[in-house]
Amino acid sequence: MTSMILKKALCEHLLIGKVVLAQYRRQGLLNLGFVLSLAIATSTLLTILILNHASKSQYALAELSLSSPVAFYILPKQGNTISKTDFARLRQAGFHQLSPVLTFKKALVSGKNIRFKAVDLLPLAITRPDYDPAKVHIGRSALKRLALTPEAAVILADHRRLDSRYHKDGNWGSEVLLDITLAWQLFPELSDFSYLTSPPLTENEQTRLSLTLPPQLTLQKAWSLDTRSGFADALHLNLSALAILAFIVSLFIAYQAGEQAWRKRSELAAQLRLLGVSLPVLFHVLLLEAAGLILLTSMFGTAIALLLVTVLLPLLGLTLEQLYNLNISGQLSWHPVYALWSLLIATLAVFTTLAKQYRRIAGRYISRFARQSAHPGGEQNNKSSVKQATPGLALLLLFFLIPDVAPNTQTSTGALSPWHLIMAKYGLLLLATIALLPLLLQLFIKGLTTLSPGFKFNFLLQDARSQVNRRNLPLAAFYLALTTSIAAALMINSFETAFTDYLDQNLDQDLYIRFTPEQKAPLLAWIKAQANSAQYQIEEYRFYYRGNADLAGEVLDLGIYSSAKQLASLVFKEKGDSGQGPGCFINEPLAIKRQLAIGQQLTVSRQQATFSCRIRGIYYDYGNPKFELTLALSQARKHNFPLVEKGLSLHLGKGETTPEQLRQALSQALNITPEQIIATAQTKTLALKIFEQTFIITRAIALVLIGIACLGLFLSAKTLELARAPQLLILRSLGYSRSALFRFMLGQWLLMALACIIISAPVAVILAETLVSKALPASFGWSMPLQLSAAVFITTGLGGLLCLLPALLLPLYKLEPGQR
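What the sequence shown shows, in the working numbering, is residues -4 to 815, in sequence order.
1. According to DSSP, simplified to helix, strand and coil, what is residue 413?
2. In three-state terms, what does DSSP make of residue 393?
3. In terms of residues, what are the limits of the beta strand (DSSP E) holding residue 668?
4. Secondary structure at residue 84, three-state DSSP: helix, strand or coil?
5. For the beta strand (DSSP E) containing residue 596, list its first residue and its last residue.
6. What number of angstroms, rounded off, separates the C-alpha of residue 365 from the C-alpha of residue 274?
7. Buried or exposed: residue 769, going by 16 or more other Cβ atoms within 10 Å of its Cβ?
8. Figure out for me which residue from 95, 110, 179 has the closest Cα to the Cα of residue 169.
9. Is residue 46 closer than 8 angstroms to residue 336 when the C-beta atoms are compared?
10. How many angstroms separate the CA atom of residue 247 from the CA atom of residue 475?
11. What first and last residue would you give for the beta strand (DSSP E) that runs through residue 552?
12. Starting from residue 653, follow its DSSP beta bridges and name the residues at the other end.
13. Could you check whether the segment 734 to 750 touches the segment 787 to 801, counting it as contact only if at least three pairs of C-beta atoms, one from each stretch, sit closer than 8 angstroms?
14. So is residue 13 buried or exposed if we call it buried at 16+ other beta carbons inside 10 Å?
15. Between residue 564 and chain B, is any beta-carbon pair separated by less than 8 angstroms?
16. Could you check whether residue 71 and residue 211 sit closer than 8 angstroms to each other, using their CB atoms as the reference points?
17. Around the C-beta of residue 464, are 16 or more other C-beta atoms found within 10 angstroms, so that it is buried, or is it exposed?
18. Check the C-beta distance from residue 397 over to residue 193 and give it rounded, since I have them as a contact under 8 angstroms.
19. Among 634, 339, 523, which residue has its Cα nearest to the Cα of residue 290?
20. Is residue 804 helix, strand or coil when you go by DSSP?
21. Measuring CB to CB, does residue 777 end up less than 8 angstroms from residue 617?
22. DSSP three-state call for residue 642: helix, strand or coil?
23. Around the Cβ of residue 730, are there at least 16 other Cβ atoms within 10 angstroms (buried) or fewer (exposed)?
24. Leaving aside the five residues before and after residue 489 along the sequence, list all residues of the same chain whose C-beta is less than 8 angstroms from its C-beta, in chain order.
25. Going by DSSP, name the residue or residues bridged to residue 608.
26. Give a yes or no on whether the C-beta atoms belonging to residue 644 and residue 537 are separated by under 8 angstroms.
27. From the DSSP output, in three-state form, read off residue 737 for me.
28. Please name the residue, chosen from 499, 790, 599, 581, that lies closest to residue 560 on a Cα-to-Cα basis.
29. So, using beta-carbon positions, are residue 149 and residue 157 closer together than 8 angstroms?
30. Taking a contact to mean a Cβ-Cβ separation below 8 angstroms, would you say residue 509 touches residue 671 in this structure?
31. State whether the segment 581 to 594 contacts the segment 653 to 665, with contact taken as three or more CB pairs (one from each stretch) at a distance under 8 angstroms.
32. Which of the three DSSP states is assigned to residue 569 in this structure?
33. Could you say if the segment 29 to 44 and the segment 178 to 193 meet the contact criterion of at least three C-beta pairs nearer than 8 angstroms?
34. Is the distance from the Cβ of residue 597 to the Cβ of residue 610 below 8 angstroms?
35. Taking residue 633 as the reference, which of 299, 605, 285 has the closest Cα?
36. Suppose the cutoff is 7 angstroms on Cβ atoms and the five residues either side in sequence are ignored; what does the same chain contact list for residue 394 look like?
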């Protein structure tokens, strides 16, 4: 008996399953759009999760590669070298950790100069046999600079062929690596060392080494590379916000597609109920359908996400390579957790979009819902404007009641940072405007009605006003996508302007020269001689100094300015009057963290003394989480701040001399290596190029948002217009031709889309202002001014309309009001 009951239940389930599958096949395009919209919803959020996870690994690898094991250099003084005898004596004194390095140049048969770096390769060859001490080793940077291919031979100007090996993952820069013994064999004229390197030493070891060095050698600390990862961190957080918005847009579209699929599904469910199918059986089959949708959505969403990540992830590797000369592959490595993320996101998407439909099917009044499904939007049309606006007004009231989070606020919930709280608050504003969108659209159309002189246009407006609720979901998705795209474009525009100002702030010179202590005197004498002869039109030169002080137990970096031009290069957020007495300037992170303002006194200590100054200005310091105090050079010297000369900058006057000519002259006259002379114009160009590549991801997501919204309109337009076929047939009977009816419907859709663009503009400005002036300080302690640009609104709005046109033209043109 039990087996018969189970068999009957199984047959009943299989029969209902076949009916559901048949309905999927019959409404193939509609259900395909539904599954595709769910897959897109899954892929948008999954893409950013995978991208952030993978890129964090890249940045961690970059930081590891940037952490140089070299802490000190032993350099020969001007006109001297490091002999083998000097190195042997240091080894005998117990400094076995010292490593010799020999650098030199040779000419290739092609005319290009090749830079060699000779080190002891034997320890490396033991663990990495591909680093054969009998070969020269070329990295990707050197290969590119020498215009060689991996298979090409390295031939010197004397036609000697070097046995070389190419290393795709070589991170040693543009020099060619070889064993120091091989260098002496190939080039017998070389016998000494260029410099010695040392790992970190204790203070006692450092002192003993300084005393042991021969008089012709000096001990110098290694130049450190201070990475500014604030831009990358801010970008990842904002990308996450964009991905969540893209997920919401996709859910709108999927929900609309589910509503349209329900139009046929409700009739089918009602017929099955009349045929005696019980609710539990029907609900079991629908749960199995949901499981199938989750698997399909997860597979398609994962495939789309992997495709997007495969394209976008190498851009991060390229950025690291160009910024830090690191050859990071940027290739995706699959992690099992990605599959779990995909299933969870797909489950959320499916049950969010189908919860209402499943609740209807499980209800007792399924036939009533089946009748209502023939009139989508009817429930909303019966509601008053006040009832429709109530949820939006409630969200808006909640938004105003929630206080703003100060940047340095400590949240009671460890998992929630100030950034999350700020984004949650302004997310309420965005949701409130979405809930109020039907009312705002009706008010917009009503305002146009009062200005409309013609009957036809007035009739179009009146009919459009009555159709707002019916078209609410696809229009809400379009509005949300457009608002997000404009906010993202404004954010990128602000980042770009801020980054350009930051480069001008730090790279305002034509040449920047890093010199050793022995090179300072001849360099200064040469510059003064050239200034007197006016050969190179050197307008100004100045030294760059850095130092540090203590502020309540925290290290404070000191910035020093020695000229009005150097002070003018600071980008001020606030600036007071000159006033009386000594003044100073602080960066924004210090002002935010310590809650300092213009006019307040700031007291810092160095060694056993203290120094106080009145704050005259607060300047932007993008991407820098450290505290910084900027003083005049005279102030720093007066109060005996320990300063370190970091380099010298040259400013050229208006003339025929180019920075490259001056760079070559300096290198030839003073034997300064090209790596010590930085042409800032080239650095700016490279930095802006890399910065532009960084925001390709943000622009791509904004474009995906618009594309998703237009896909929703494509899926919705024909079905929504067919749902009011009786009204359209009345227009046909009144003499409207098929083309006139097409223009009538297209005009209404475009009018509503234009209204969405106008409504989205102020909301997008508020969101962009929140991102750059509230979210960034709350997370990283620095902000940037919002840069409004009419071009951003025009290009984004026109882009949305151009994307919208093909999504509407095809379904509306093929619409036949008489078809069922």
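The beta carbon of each residue, even a glycine, is placed where N, CA and C say it ideally should be.
Treat the numbers as computed from the prediction; the structure is a model and nothing was measured.
Concretely, from the data shown:
1. helix
2. helix
3. Counting along the chain, residue 668 falls outside any beta strand (DSSP E), and DSSP gives it neither H nor E.
4. DSSP, reduced to helix, strand and coil, places residue 84 within a helical segment of the structure shown.
5. Unbroken beta strand (DSSP E) run through residue 596: 596 to 601.
6. Below a pLDDT of 50, predicted positions are generally treated as unreliable, and residue 365, at 47, falls in that range; the measurement from the model is reported next regardless. Rounded to the nearest angstrom, the two C-alpha atoms are 15 angstroms apart.
7. buried
8. 110
9. no
10. 10 angstroms
11. Start and end: 549 to 556.
12. In DSSP, residue 653 forms no bridge with anything.
13. yes
14. exposed
15. Among the protein chains of the structure shown there is no chain B, as only one such chain exists.
16. yes
17. buried
18. Wrong, their Cβ atoms sit about 56 angstroms apart, outside the cutoff.
19. 339
20. helix
21. yes
22. Of the three classes helix, strand and coil, the one that applies to residue 642 here is strand, per DSSP.
23. The residue is exposed, with fewer than 16 neighbouring Cβ atoms inside 10 Å.
24. Beyond the five residues adjoining it in sequence on each side, residue 489 comes within less than 8 angstroms, by CB distance, of 763, 767, 779, 780, 781, 782 in the same chain, given in chain order.
25. Answer is 597.
26. yes
27. helix
28. 499
29. yes
30. yes
31. no
32. strand
33. no
34. yes
35. 605
36. If we look at residue 394 and ignore the five residues flanking it on each side, its Cβ neighbours are 420, 423, 424, 427.
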